[in-house]
Amino acid sequence: MRRVYLDNSATTPVDPRVVEAMMPYLFERFGNPSSVHFYGQEARSAVDRARREVAALVGARAGEVVFLSGGTEANNLAIRGVCEQQRERGRHIITTAIEHSSVRAICDALERRGWEVTRLPVYEDGIVRLEDVRAALRDDTVLVSVMLANNEIGTIQPVADIGALVRERRAAGQKHLWLHTDAVQAIGRMRTDVEELGCDLMSMSAHKLYAPKGAGALYVRRGTRLAPQNVGGHQERERRGGTEAVPLLVAFGEAARLARLELDERIEHLRHLRDRFEAGVADSVSDIVFNGDRVRRLPNISNISFRYIEGEGLLINLDMQGVAVSTGSACSSGSLEPSPVIRALGRDDELARGSIRFSLGRDTTDEEVAYVLEALPRAVENLRRLSPLYQKAQAERACAPV
Ligand SMILES: Cc1ncc(COP(=O)(O)O)c(C=O)c1O
Numbered sequence: 499m500r501r502v503y504l505d506n507s508a509t510t511p512v513d514p515r516v517v518e519a520m521m522p523y524l525f526e527r528f529g530n531p532s533s534v535h536f537y538g539q540e541a542r543s544a545v546d547r548a549r550r551e552v553a554a555l556v557g558a559r560a561g562e563v564v565f566l567s568g569g570t571e572a573n574n575l576a577i578r579g580v581c582e583q584q585r586e587r588g589r590h591i592i593t594t595a596i597e598h599s600s601v602r603a604i605c606d607a608l609e610r611r612g613w614e615v616t617r618l619p620v621y622e623d624g625i626v627r628l629e630d631v632r633a634a635l636r637d638d639t640v641l642v643s644v645m646l647a648n649n650e651i652g653t654i655q656p657v658a659d660i661g662a663l664v665r666e667r668r669a670a671g672q673k674h675l676w677l678h679t680d681a682v683q684a685i686g687r688m689r690t691d692v693e694e695l696g697c698d699l700m701s702m703s704a705h706k707l708y709a710p711k712g713a714g715a716l717y718v719r720r721g722t723r724l725a726p727q728n729v730g731g732h733q734e735r736e737r738r739g740g741t742e743a744v745p746l747l748v749a750f751g752e753a754a755r756l757a758r759l760e761l762d763e764r765i766e767h768l769r770h771l772r773d774r775f776e777a778g779v780a781d782s783v784s785d786i787v788f789n790g791d792r793v794r795r796l797p798n799i800s801n802i803s804f805r806y807i808e809g810e811g812l813l814i815n816l817d818m819q820g821v822a823v824s825t826g827s828a829c830s831s832g833s834l835e836p837s838p839v840i841r842a843l844g845r846d847d848e849l850a851r852g853s854i855r856f857s858l859g860r861d862t863t864d865e866e867v868a869y870v871l872e873a874l875p876r877a878v879e880n881l882r883r884l885s886p887l888y889q890k891a892q893a894e895r896a897c898a899p900v
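If you read the sequence shown in our numbering, its first letter stands for residue 499, the second for the next number, and so on.
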């Protein structure tokens, strides 16, 4: 069967050039970077090189990049690390209603342990307002955590403006206030520069960037103090103990280098295909709503709500036609919980349950988009034919005066 992968925000295939770069570190260059001998030094210099590449992708210094296992661990180290370090100075965190589930879970856990959490709303455009951040800041706020680009709808948050606000507060004497941004979806898909953003901490993950799963990084601005979450080793300057995953980090470094060199080209390709896809869907499927701001968003995500059907049903129907997509809804105790992100846009339950994320990648082709544009209207039509609500709406439309 023909297969089309439109779930690149979940994970990406590994670039063959990345595999080539990492292979020697599985075989002849297998040393432990902490060893003093030749093998160790070889591995150490490979990790250092990878660190420089990841730093270069986001405009950081190499010494500000902490390697770890992925985006979830980066979010844990950033948020728990700051909160535990600053516990005597303040216990208030500001975050948003549309963060990745890992950030949500970490904030919920801190709340249960006595921290206060303000979760800022987003509006119909899926974007947080600077004024809401300003209004939420308190003297005991120690951390603002706002993602750079959302993983379900792709909207880009005003992190640079929030960064300027945080610096302003720090200059006015609130020295213990830090800004974290989860940039897992953003890196490699938009220009991402820690100086422009003014963030102190930034989470990254390798497997969204055409490198293997199991590697990630946290950018930690020089001077930012964190309580380590993984102790028991001197690695990563005591910020994350454990022998480095050398082959995975080499792969991450190479993927970062390629992303930096090819960024403009990738963005252009993704934007062209996404626009073509969206125009095709708008032409061929009725009763749909595009979710999230149409301009301030990543070039690779298109999130669409389909009235009268469940996203899960559509996902399965598309999968049977070889098309891989995802929904934001979570299956808990047999019932489908509507996506909190789509709900945060103010959408009703029906639209929240009927939403699908199509996420394109570097390897997506025009021809694949054309295939999906044939499969999707067919899948929607099949499901709606079985939907009593749709039949009723059609009958009412037929009777309505023109
Ligand atoms: C915005 C965002 N943050 C964090 C993560 C978690 O990253 P990882 O899978 O590397 O733990 C993801 C993964 O889906 C994500 O989209």
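Cβ atoms here follow ideal geometry from the backbone N, Cα and C, with glycine treated the same way.
Presumed contact (8 Å Cβ cut-off) between residue i and residue j, rounded CB distance
i	j	result
Ile799	Ser853	Wrong, their Cβ atoms sit about 12 Å apart, outside the cutoff.
Phe528	Tyr537	7 Å
Glu866	Val512	So it is not a contact: roughly 19 Å between Cβ atoms.
Val744	Pro531	6 Å
Ala749	Ala713	7 Å
Val823	Ala715	Not confirmed; about 28 Å, so no contact.
Val601	Ser567	About 16 Å; that fails the 8 Å criterion.
Leu663	Gln655	Not really, about 13 Å apart at Cβ, beyond 8 Å.
Gly561	Asp691	In fact, because the Cβ distance is near 17 Å, the residues do not count as touching under 8 Å.
Ala868	Leu816	15 Å between Cβ atoms; not a contact.
In DSSP terms, what residue i is bridged to
i	result
Arg617	Thr593
Thr653	Arg795
Arg901	A query on residue 901 cannot be resolved here, the shown segment of the chain reaching from 499 to 900 and no further.
Ala715	Phe565 and Met702
Thr679	Met700
Val502	Val821
Ile685	Met688
Cβ neighbour criterion (16 or more within 10 Å) applied to residue i
i	result
Thr639	buried
Tyr708	buried
Met688	buried
Glu650	buried
His678	buried
Pro710	buried
Ile660	buried
Met902	Residue 902 is absent from the structure shown; the chain starts at 499 and stops at 900.
Ile604	buried
Met818	exposed
Cys697	buried
His767	buried
Leu887	exposed
Enclosing alpha helix (DSSP H) for residue i [first to last residue]
i	result
Met520	Pro514 to Met520
Asp781	Val744 to Ser782
Val644	It is not in any alpha helix (DSSP H) - Val644 carries neither H nor E in the DSSP assignment.
Ala785	Per the sequence shown, residue 785 should be read as Asp rather than Ala. Looking at the DSSP string, Asp785 is not in any alpha helix (DSSP H), and its letter there is neither H nor E.
Leu608	Ser599 to Arg610
Asp864	Asp864 to Arg883
Ile840	Pro838 to Ala842
Val692	Val692 to Leu695
Val890	The sequence given here places Lys at residue 890; Val does not occur at that position. Where Lys890 is concerned, the enclosing alpha helix (DSSP H) stretches over Pro886 to Cys897.
Val631	Leu628 to Ala634
Residue i, enclosing beta strand (DSSP E) - first and last residue
i	result
Ile807	Unbroken run through Ile807: none, as it is neither H nor E.
Tyr537	Taken as a continuous stretch (DSSP letters only), Tyr537 belongs to no beta strand (DSSP E), being part of the alpha helix (DSSP H) at Phe536 to Leu555.
Below-8 Å beta-carbon distance, residue i vs any chain C residue
i	result
Asp846	Structure shown: chain C not included; a single protein chain is present.
Touching by the beta-carbon criterion (3+ pairs, under 8 Å), the segment 681 to 693 and the segment 625 to 637: By the C-beta criterion, the segment 681 to 693 is judged not to be in contact with the segment 625 to 637, since fewer than 3 inter-stretch pairs fall below 8 Å.
Stretch pair the segment 585 to 604 + the segment 784 to 798: three plus CB contacts closer than 8 Å: no
Inter-stretch contact (C-beta, 8 Å, three-pair minimum) for the segment 801 to 815 and the segment 833 to 853: Result yes; three or more Cβ-Cβ pairs closer than 8 Å.
Touching by the beta-carbon criterion (3+ pairs, under 8 Å), the segment 729 to 743 and the segment 756 to 766: The segment 729 to 743 vs the segment 756 to 766: no contact.
Meets three-Cβ-pair contact criterion under 8 Å: the segment 768 to 779 and the segment 570 to 581: no
Cβ pair count under 8 Å reaching 3, the segment 721 to 732 against the segment 595 to 607: Too few Cβ pairs lie closer than 8 Å, so no.
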